[in-house]
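Quick notes on the structure that follows.
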Amino acid sequence: MSDEKLPQDTSTPLSNQENENELSTNETAKQVNSASENESLAENAELENAASNAEENVEEENTLEETNSEEKAEVENVVEEAMVAEKESVKEKETIEATSNEKIEASDDDESGEDEEEVESSEDEEDDEDHEEKAQKDYSTLSKKELVAELDKLLKTKKIQELKHDVEEIRTEFNNKFNEELEHKKEEFLAEGGNIIDFHYTTPLKKGFNSLYFDYKEKRSNHYKNLKKDLQANLDKRWELIEELKSLLSAEENINTTYKHFKDIQEKWHVAGAIPRDKYNTVWNTYHHHVENFYDFLHLNREFRDLDFKHNLDSKLKIITRAEELGQEADINKAFRELQMLHKMWKEDIGPVAKEYRDEVWDKFSDATKVIHDKRQAQLAEMEKDFETNYEKKKELVEEIKKATEEAKPSHQGWQNAIKKVQELRDTFFNTGRVPRANNKEIWKAFKDATSNFNHQKNSFYKNQKKEQYTNLEKKRELIKIAEENKDSEDFDATTQLMKKIQND
206 MSDEKLPQDT
216 STPLSNQENE
226 NELSTNETAK
236 QVNSASENES
246 LAENAELENA
256 ASNAEENVEE
266 ENTLEETNSE
276 EKAEVENVVE
286 EAMVAEKESV
296 KEKETIEATS
306 NEKIEASDDD
316 ESGEDEEEVE
326 SSEDEEDDED
336 HEEKAQKDYS
346 TLSKKELVAE
356 LDKLLKTKKI
366 QELKHDVEEI
376 RTEFNNKFNE
386 ELEHKKEEFL
396 AEGGNIIDFH
406 YTTPLKKGFN
416 SLYFDYKEKR
426 SNHYKNLKKD
436 LQANLDKRWE
446 LIEELKSLLS
456 AEENINTTYK
466 HFKDIQEKWH
476 VAGAIPRDKY
486 NTVWNTYHHH
496 VENFYDFLHL
506 NREFRDLDFK
516 HNLDSKLKII
526 TRAEELGQEA
536 DINKAFRELQ
546 MLHKMWKEDI
556 GPVAKEYRDE
566 VWDKFSDATK
576 VIHDKRQAQL
586 AEMEKDFETN
596 YEKKKELVEE
606 IKKATEEAKP
616 SHQGWQNAIK
626 KVQELRDTFF
636 NTGRVPRANN
646 KEIWKAFKDA
656 TSNFNHQKNS
666 FYKNQKKEQY
676 TNLEKKRELI
686 KIAEENKDSE
696 DFDATTQLMK
706 KIQND
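In my numbering, the protein residues as written are 206 to 710.
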């Protein structure tokens, strides 16, 4: 690092700043909050299935041009205009990658010595995480008709990419219930002398479910096909902008026009849209490399370049100040989310600073980041203890459901008591907090299996009850028929014995 000290931020303190042309801390915070509300480039890119952290180093090119006296005169005019434009607040743009709920690590692997570890995940992985954050719904308590209604409602009210887990849960429950009904109908068919190869069974409800599920699969497929096309179109657009940026170094035009052209390219870049996730690092590093080349191109126009560097330095100092303030924020999750946006603004919206300050400002930002990161890690460690306690409690609840199933007395009242008991256990399970992510699927499956087995045993009992009732009814009808046939018999003694036997039966 250079021995030269980092210049002090001579602008009005962030908390009391009145100059509208300077970026205040409050403005930065507002930009961050605004950025979190806008659909970012990464939030679109999170729907892409492939995840890649590949980075390619691009060799720097040194293209320096000498400027003549006529160009210098033009530069003075440009500088005058740039001073107004460059005093505007750092605008909030789209963020390139979604890193919420992931850690930021300081890194100096980037060409400018400034970068952070950005954890990327595929669409399905993020869908999994999002699903874990939500209260899981137990669809096993719904009837087939209710499951169809629920699927229809989801398709009408939610985004297609948000439905995967719910739809598969509903499908599993519906198929389980329908297959159970199917087996019952098959038994009846065979009992009546039917041939298994002639058996076929369906219902309007089953057809309706199949139709809805087909609609879901078709909409999901179309969604990702269109997304893929859009991502590729945006990728092509960004490569075109990079080529346009490269051409500035050989453009035969005055510096005024070239600089305005450069700013225009930057604006187009920020609104160019999402690209395939596995292309992100290559595209961004290439773009960043040629932005650096453009600043080198301005080297002979020192006043012009230094003005831009000074503005970038001031903006980064203000972001550092805000990051340091976030270190005192009581709401750690809120501070972490805002820090994510500060990192994106740092990387995406603000250009480089003079090389003698580059490492120093990054180190200061990294130190502020570490404070928040350490607090968050400590918070997560405490939360993990609670999650572990919840996990153990949920395991006990699953075992109690299994026990209630095994100990249910084979009577109507016995099963009614068991139903009441299991319902209380289910409610307690859902009211118990989150478990460690590594155990989430395991405990959910154990709970589903236990409740499914309970329902199966309960249903089997009542089906057998119905069969017995039907059998008894048929026997009584037979006895009534016998009694009817013998009521007019003249053999009084024989008829009396027969009637006594019928009554006993």
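Heads up, the beta-carbon is just placed ideally off N, CA and C, and yes, glycines get one too.
Helix, strand or coil at ARG527 [DSSP, three-state]: For the purposes of this step, residue 527 is identified with residue 322 of the sequence shown, where counting begins at 1. Note: ARG527 maps to helix in three-state DSSP.
Exercise for the section: Note down the Cα distance separating ILE537 from LEU585, rounded to an integer number of angstroms. Expected result: To locate residue 537, count along the sequence shown from 1; it is residue 332. To locate residue 585, count along the sequence shown from 1; it is residue 380. When rounded, the distance between both Cα atoms is 10 Å.
| task | Using alpha carbons as the reference points, say which of GLU445, ALA613, ASN669 lies closest to TYR492. | result | Locating residue 492 in the sequence shown gives position 287, counting from the first residue. Minimum Cα distance to TYR492 is reached at GLU445.
Query raised in the report: Taking contact to mean at least 3 C-beta pairs separated by less than 8 Å, is the region 598 to 613 in contact with the region 656 to 663?
Result: The region 598 to 613, when compared against the region 656 to 663, does touch it at the 8 Å Cβ threshold.
**Item:** Reduced DSSP category for PHE404 - H, G, I as helix; E, B as strand; rest coil
**Value:** Here residue 404 refers to the residue found at position 199 of the sequence shown. Coil.
Query raised in the report: In the structure shown, what three-state DSSP assignment does ASP536 receive?
Result: If you number the sequence shown from 1, residue 536 lands on position 331. Coil, per DSSP.
Checklist entry - Contact check, TYR675 vs PRO641 under 8 Å by CB: the rounded distance? => result Mapped onto the sequence shown, residue 675 falls at position 470. Mapped onto the sequence shown, residue 641 falls at position 436. Between PRO641 and TYR675 the Cβ distance is about 50 Å, and since that is not below 8 Å, they are no contact.
* Rounded separation between ASP483 and ASP554 - CA only -> Position 278 of the sequence shown, counted from the first residue, corresponds to residue 483. Position 349 of the sequence shown, counted from the first residue, corresponds to residue 554. Answer to the nearest angstrom: the Cα atoms are 22 Å apart.
Does VAL476 come out as helix, strand or coil in the three-state DSSP assignment?
Taking the sequence shown and counting its residues from 1, one reaches residue 476 at position 271. Here VAL476 sits in coil by DSSP.
* Kindly indicate which three-state DSSP category GLU397 falls into: helix, strand or coil? => The residue labelled residue 397 in the question sits at position 192 within the sequence shown. Coil.
Does the contact criterion of 3 or more C-beta pairs under 8 Å hold for the region 607 to 622 versus the region 665 to 679?
Cβ pair count under 8 Å is three or more, so yes.
What are the boundary residues of the alpha helix (DSSP H) that GLN584 is part of?
Reading the sequence shown from its first residue, position 379 is the one you call residue 584. Looking at the DSSP string, the run of the alpha helix (DSSP H) that includes GLN584 is 560 to 612.
Which value, in whole angstroms, describes the spacing of the CA atoms of ASN517 and VAL558? Translated into positions along the sequence shown, residue 517 becomes position 312. Translated into positions along the sequence shown, residue 558 becomes position 353. In a straight line, the C-alpha of ASN517 is about 6 Å away from that of VAL558.
Report task. Have a look at LEU522, GLU543, LYS549, THR408 and flag the residue whose alpha-carbon is nearest the alpha-carbon of LEU531. Result -> For the purposes of this step, residue 531 is identified with residue 326 of the sequence shown, where counting begins at 1. Per the Cα distances, GLU543.
(request) Could you spell out the range, first to last residue, of the alpha helix (DSSP H) harbouring VAL353? (result) The residue given as residue 353 occupies position 148 in the sequence shown. Looking at the DSSP string, the run of the alpha helix (DSSP H) that includes VAL353 is 349 to 362.
LEU503 to ILE524 span [Cα, whole Å]: Here residue 503 corresponds to residue number 298 of the sequence shown, with the count starting at 1. Here residue 524 corresponds to residue number 319 of the sequence shown, with the count starting at 1. Answer to the nearest angstrom: the Cα atoms are 26 Å apart.
Exercise. Where does PHE634 fall in DSSP's three states?
Worked result: As a working note, residue 634 is residue 429 in the sequence shown. PHE634 falls in the helix class under three-state DSSP.
Q: Report the residue from TRP567, ASP501, ASN490 whose alpha carbon sits nearest the alpha carbon of SER520.
A: The residue given as residue 520 occupies position 315 in the sequence shown. Selected option, being the one with the closest Cα: TRP567.
Can you tell me where the alpha helix (DSSP H) holding GLN437 begins and where it ends? Taking the first residue of the sequence shown as position 1, residue 437 is located at position 232. Unbroken alpha helix (DSSP H) run through GLN437: 409 to 452.
If we call anything under 8 Å between Cβ atoms a contact, is ASN431 one with ALA477?
-> The residue you call residue 431 lines up with position 226 of the sequence shown. The residue you call residue 477 lines up with position 272 of the sequence shown. The answer is no: Cβ separation not under 8 Å.
Option in SER452, LEU347, GLU385, HIS548 with minimal Cα separation from ALA573: To locate residue 573, count along the sequence shown from 1; it is residue 368. Here the closest residue by C-alpha is HIS548.
In its own chain, which residues sit with a C-beta less than 7 Å from the C-beta of THR633, not counting the 5 before and 5 after it? Residue numbering aside, residue 633 sits at position 428 when the sequence shown is read from its first letter. Residues of the same chain with a CB within less than 7 Å of the CB of THR633, apart from the 5 flanking positions on each side, are LEU602 in chain order.
*asked:* Using the three-state DSSP reduction, which class does LYS342 fall into: helix, strand or coil?
replied: In the sequence shown, counting from the first residue as 1, residue 342 sits at position 137. LYS342: coil per DSSP, three-state reduction.
**OP:** If I'm right that ILE480 touches GLU449 with Cβ under 8 Å, what's the distance once you round it to whole angstroms?
**Re:** Your numbering for residue 480 matches position 275 in the sequence shown. Your numbering for residue 449 matches position 244 in the sequence shown. Going by Cβ atoms, the distance from ILE480 to GLU449 rounds to 17 Å, so no, they are not a contact pair.
* Asked: Between which two residues does the alpha helix (DSSP H) carrying VAL488 extend?
  -> As a working mapping, residue 488 is identified with position 283 in the sequence shown. Unbroken alpha helix (DSSP H) run through VAL488: 485 to 502.
Can you give the Cα-Cα distance for ALA424 and THR408, rounded to whole angstroms? On the sequence shown, residue 424 is found 219 positions in, with the first residue counted as 1. On the sequence shown, residue 408 is found 203 positions in, with the first residue counted as 1. Looking at the sequence itself, residue 424 is Lys, so the reference to Ala does not match. If you draw a straight line from the Cα of LYS424 to the Cα of THR408, it comes to about 25 Å.
Notebook entry, point to check: Expressed to the nearest angstrom, what Euclidean distance is found between the alpha-carbon atoms of LEU410 and GLU385?
Noted result: Here residue 410 refers to the residue found at position 205 of the sequence shown. Here residue 385 refers to the residue found at position 180 of the sequence shown. Their Cα atoms are separated by approximately 15 Å.
Worksheet item: TYR421 and LEU360: beta carbons closer than 8 Å?
Response: For the purposes of this step, residue 421 is taken as residue 216 along the sequence shown, with counting starting at 1. For the purposes of this step, residue 360 is taken as residue 155 along the sequence shown, with counting starting at 1. Taking 8 Å as the Cβ cut-off, TYR421 and LEU360 qualify as a contacting pair.
- Query: What's the gap between the Cα of LYS349 and the Cα of ILE375?
  - Reply: For the purposes of this step, residue 349 is taken as residue 144 along the sequence shown, with counting starting at 1. For the purposes of this step, residue 375 is taken as residue 170 along the sequence shown, with counting starting at 1. If you take the alpha carbons of LYS349 and ILE375, they lie about 9 Å apart.
- [ ] Can you tell me the Cβ-Cβ gap for ASP160 and GLY556, rounded? I've got them flagged as a contact below 8 Å.
- [x] It is not possible to answer for residue 160, since the shown part of the chain is limited to 206 through 710.
Quiz prompt | Cβ neighbours of ARG443 in the same chain (closer than 8 Å, five flanking residues each side left out) | solution = Numbered from 1 along the sequence shown, position 238 holds the residue referred to as residue 443. If we look at ARG443 and ignore the five residues flanking it on each side, its Cβ neighbours are TRP474, ALA477, ILE480, VAL488, TYR492.
#### Entry: SER452 to GLU561 span [Cα, whole Å]
By one-based count along the sequence shown, residue 452 stands at place 247. By one-based count along the sequence shown, residue 561 stands at place 356. Distance from the CA atom of SER452 to the CA atom of GLU561, rounded to whole angstroms, is 28 Å.
Q: Give the DSSP-derived three-state secondary structure of GLY556 in the structure shown.
A: Taking the first residue of the sequence shown as position 1, residue 556 is located at position 351. The answer is coil: DSSP assigns GLY556 none of H, G, I, E or B.
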